[in-house]
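Accompanying notes for the structure given below.
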Amino acid sequence: AGAGKEKSTGHLADLTALSPFRKLLGTLTPVALLTGLIAGLLPAMALAADLPTGGQIVGGQGSISTSGNQMTIHQQTQNMATNWHSFDIGKNNTVQFVQPNSSSVALNRVTGASGSQIMGTLKANGQVFILNPNGVLFGKNARVDVGGLVASTKNISTTDFMKGQYTLSGSGNPGAQVVNQGSLTTSKGGYIVLAGERVSNSGTVTTPSGKTILAAGKTVTLQLDNGGLTSVSVNGSVVNALVENQGLISATNGQVYLTAKGQDMLLNTVVNNSGTVEAKGLANRGGEIVLNGGDSGVVSQSGHLLADSQTGQGGKITLEGQNIHLAGGSLTTATGKTGGGEVYVGGGWQGQDSHIKNASKVVMDKTATVDVSATENGNGGTAVLWSDDYTNFRGTVLAKGGAKSGDGGRVETSSHRNLQASGAVDASARAGHGGEWLLDPTDVTIVGAGADTGIDSATADGTDIFTPTASGGQILNSSIVNQLNAGTSVTVKTSGTDTDGETGNITVNANIIKTAGTDAKLTLLADNNISTGDNVSIGATTGKLNLDLLAGNTTNNASISLGKFINISLNGGDLLADAGNSASGVSLTFMNNGKIKGGNVTLNLSRGLGGYAYNVNADNDLTINGSVTGSTGWGAVLGFTAGGKLAMNSPGSISLQANDPGNGGGRVLISGDKGVTLNAAAGTVTLNAAKAATNGVNITSGNGAVSITNMVQDGSNGMTLTNANISSKDGIVLNGTTFWGQAVVMSGVNLTTGGDVDITGLAKNLTTGGLGAASSSGVQLSGSNISSTGGNITL
């Protein structure tokens with residue numbers, strides 16, 4: 001390898017006569033450096049050296065020459081390493097690297113005792129490394145225009161560098177930092193890497209279609225190829241790590257990574273963006289921005305992170321770290337003309353993305369905004385706030401579909417444990433279907449506003465922002481209502497854990513009434529149980545609300561418990577009550593005087609439906625799969641009505657009774673305009689009322705038939721009807737089967753139909769059945785009337 005020294009025809013400052021700033025750069029505390037002390041020392045910088053000194057080429061070949069206020073470094077090999085006593089560029093001075101091509105790399109290692117001050121101009125048609133353990137400062141008048149730039153307080157051996165193995169390691173001197181206050185620019189596809197223990201930008205960094213890396217860690221490994229940076233990895237933690245952007249970082253069609261690996265940082269900030277980071281897309285998709293705080297400390301976003309595209313799909317923004325804060329006024333956007341992008345804060349969807357580290361705690365302040373909307377065409381994107389321990393969501397997340405076409409996107413604000421959600425989500429679509437909002441904590445309660453809830457949506461930012469504002473997970477009901485009104489479907493999902501004693505329950509203690517907008521859907525999906533408080537209303541007055549109540553997603557024998565005077569009225573929307581998965585069993589219980597009214601109502605309840613004086617009404621079809629029990633009295637109604645078909649399909653028994661003899665008795669009402677079917681496949685059918693006429697059992701089908709069947713394999717009566725009125729247009733079938741009891745027992749029953757009447761009683765322990773006395777096992781009638789105006793009567 002050739003070697004050379006600089007040839008100087010201009011002034012080189014005496015290294016022993018350093019400015020006060022140069023002496024301080026290696027020892028200045030981070031706080032002083034980042035809070036304005038540099039500005040106070042700027043006048044002293046004039047005493048710094050005008051150009052680098054002591055250059056000695058130790059790897060590769062080239063030459064160094066100086067003329068007036070300009071130094072030219074001619075590089076003759078692809079890689080060239082130079083040791084310098086100092087590497088400074090004074091104001092109005094220029095250093096230019098003339099390199100074989102854009103893939104060429106020039107290493108500049110400072111061996112002297114002072115930090116580097118770049119106050120003038122640095123040019124290169126290739127890539128330049130400046131390594132100085134005492135620190136590197138690009139002043140406010142600095143102008144850098146290169147193919148690629150690495151500025152670091154770390155080191156690399158000449159041997160590794162010449163082999164193309166670019167791992168920066170070692171610690172800078174105490175307090176040494178890499179600071180940019182000037183303008184750093186690369187050619188298209190280039191890169192800028194600022195790496196050390198503490199890195200700060202308050203100037204401008206521009207890497208069009210390239211990469212900008214601000215990194216603090218023990219080692220930084222770069223993969224270079226064809227003049228560009230293909231990958232970077234930051235490994236190992238360091239004490240007092242900090243990466244901070246207060247200025248502008250722009251990587252149009254490119255990527256920006258702010259990464260810090262701090263050691264025992266607790267609640268100290270390791271990555272802080274209070275400026276603007278742009279990775280906008282001008283040709284197709286937006287670029288990528290990553291803020292990664294490692295395993296310790298706080299990632300703070302109080303500025304602008306912009307990965308938008310005015311021509312294509314939005315880009316991708318990821319915030320990773322132990323604790324993440326989206327401060328008030330911050331803007332994190334990945335919008336796109338043809339579709340929304342992606343924003344992940346604290347984890348991927350439901351915390352399941354192995355490529356994104358899950359945060360412990362995430363706080364989003366009230367005036368913080370995340371936006372992954374499509375601006376013209378296409379679907380809204382994906383936005384996630386996730387934590388393993390605590391998420392406080394008080395800001396605004398937008399994932400709207402395009403103004404001309406497209407559906408709303410997906411939004412998740414979740415925590416594996418404690419979720420406080422009082423923020424706003426809009427995944428609406430002006431020209432398509434609304435999107436989805438998922439909330440996924442452990443146990444959670446839906447509450448109304450008030451001091452007793454533990455949620456204060458107006459809480460000011462404080463020093464202890466990562467302490468939960470309520471002891472258990474809570475969601476503000478108005479947050480859900482606002483999104484339903486916008487046409488966004490909302491899913492509240494719980495995931496139970498044994499470690500904290502919470503089993504994944506959902507409790508609704510406040511009204512959820514959709515009052516505006518088009519149709520929407522609310523899903524309550526619980527690992528364990530779902531319950532409501534008393535006097536709670538769930539429903540809609542404008543547009544349909546489709547409601548899914550899904551319990552027992554991971555547990556057996558779960559329950560859906562509806563409090564006293566519950567009112568679920570969906571304005572024509574469908575209701576589904578079911579187990580969260582097919583292997584679970586679930587029951588639904590009305591505590592007292594509850595009501596469900598929907599379009600199609602489907603209750604798949606393997607553990608049964610029961611309660612007192614409840615009513616289930618469907619504008620269309622009502623289907624109940626499971627055993628059905630109910631009772632009523634005191635003049636109250638136990639009712640099941642359907643504008644279409646009504647079907648009760650029980651694997652066991654059906655028992656509906658109004659047995660209160662006083663106060664007018666109770667009433668059992670079963671009505672299906674297009675047909676009524678009651679089938680107890682392995683149990684009894686019991687329909688009893690203490691009083692007849694209107695305060696009895698009334699089963700009607702205005703435009704269909706009534707069919708009641710059962711089979712029981714014990715000594716019970718198969719079918720018992722007392723004080724019942726059954727009427728239909730197209731016929732009545734009563735088919736009771738028992739082994740030892742009486743198959744069909746009818747007392748005070750009136751049957752009226754325009755079709756056939758077929759009453760069959762089968763006692764399987766007899767060789768024949770038939771119409772008999774009370775002690776027989778076939779069909780027993782007493783005080784009953786059977787009438788057909790247009791068909792046959794068969795007993």
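Position 350 of the sequence shown, counted from 1, bears residue number 350 in UniProt numbering, the numbering being contiguous throughout. Note that the Cβ used here is the ideal one computed from N, Cα and C, for glycine as well.
So, using beta-carbon positions, are residue i and residue j closer together than 8 Å?
i           : j           : result
residue 97  : residue 75  : yes
residue 492 : residue 512 : no
residue 709 : residue 688 : no
residue 490 : residue 538 : no
residue 132 : residue 110 : yes
residue 566 : residue 594 : yes
residue 308 : residue 293 : no
residue 668 : residue 697 : yes
residue 288 : residue 315 : yes
residue 676 : residue 699 : yes
residue 148 : residue 191 : yes
residue 749 : residue 732 : no
residue 86  : residue 112 : yes
residue 435 : residue 393 : no
residue 563 : residue 589 : no
residue 146 : residue 186 : yes
residue 305 : residue 335 : no
residue 60  : residue 162 : yes
residue 419 : residue 475 : yes
residue 682 : residue 639 : no
residue 267 : residue 301 : no
residue 585 : residue 617 : no
residue 603 : residue 624 : yes
Ordered along the chain, which non-local residues of its own chain (more than five positions away) have a Cβ less than 6 Å from that of residue i?
i           : result
residue 199 : 178, 214, 216, 243
residue 790 : 754
residue 432 : 401, 406, 407
residue 543 : 517, 518, 519
residue 367 : 328, 329
residue 792 : 756
residue 383 : 343, 370, 372, 397, 399, 411
residue 671 : 641, 700
residue 720 : 686, 745
Check the DSSP bridge columns for residue i and list the partner residues they point to.
i           : result
residue 532 : 508
residue 571 : Bridge partners of residue 571: none, in fact.
residue 671 : 641, 700
residue 736 : 761
Under a three-way DSSP split, which group does residue i fall into?
i           : result
residue 350 : helix
residue 45  : In this predicted model, residue 45 has a pLDDT of only 36, less than 50, meaning its place in the structure is not dependable; the value taken from the coordinates is given anyway. Note: residue 45 maps to helix in three-state DSSP.
residue 730 : coil
residue 173 : coil
residue 795 : coil
residue 418 : strand
residue 780 : strand
residue 483 : helix
residue 471 : coil
residue 209 : coil
residue 785 : strand
residue 477 : helix
residue 653 : coil
residue 433 : coil
residue 758 : strand
residue 71  : strand
residue 97  : strand
residue 720 : strand
residue 493 : strand
residue 810 : The requested residue 810 does not occur in the structure, where the chain is confined to residues 1 to 795.
Tell me which same chain residues have a C-beta within less than 7 Å of the C-beta of residue i, skipping the five on either side of it?
i           : result
residue 236 : 217, 218, 219, 261
residue 361 : 323, 387, 389, 390, 466
residue 581 : 553
residue 768 : Per-residue confidence for residue 768 stands at a pLDDT of 30, beneath the threshold of 50, marking its modelled position as unreliable; no derived number is given.
Cutting at 8 Å between CB atoms, please list the residues of its own chain near residue i, excluding the five before and the five after it.
i           : result
residue 142 : 89, 118, 119, 120, 121, 122, 180, 181, 182, 183, 184, 203
Problem - Start-end ranges of the beta strand (DSSP E) lying completely within the segment 229 to 294, minimum 3 residues - result: 242 to 245, 248 to 250, 255 to 260, 269 to 273, 276 to 278, 288 to 292
Practice task
Go through the segment 101 to 174 residue by residue and report every complete run of the alpha helix (DSSP H) that reaches 4 residues or more, in order.
Solution key: 158 to 162
Practice task
Within the segment 345 to 397, note down every full beta strand (DSSP E) run reaching 3 residues or more, in order along the chain.
Solution key: 361 to 364, 369 to 371, 382 to 387, 390 to 393
Practice task
Identify every run of the beta strand (DSSP E) within the segment 565 to 648, keeping only runs that are complete inside it and at least 3 residues long; order them along the chain.
Solution key: 567 to 569, 575 to 579, 586 to 590, 595 to 598, 601 to 604, 609 to 611, 615 to 618, 622 to 625, 628 to 631, 637 to 642
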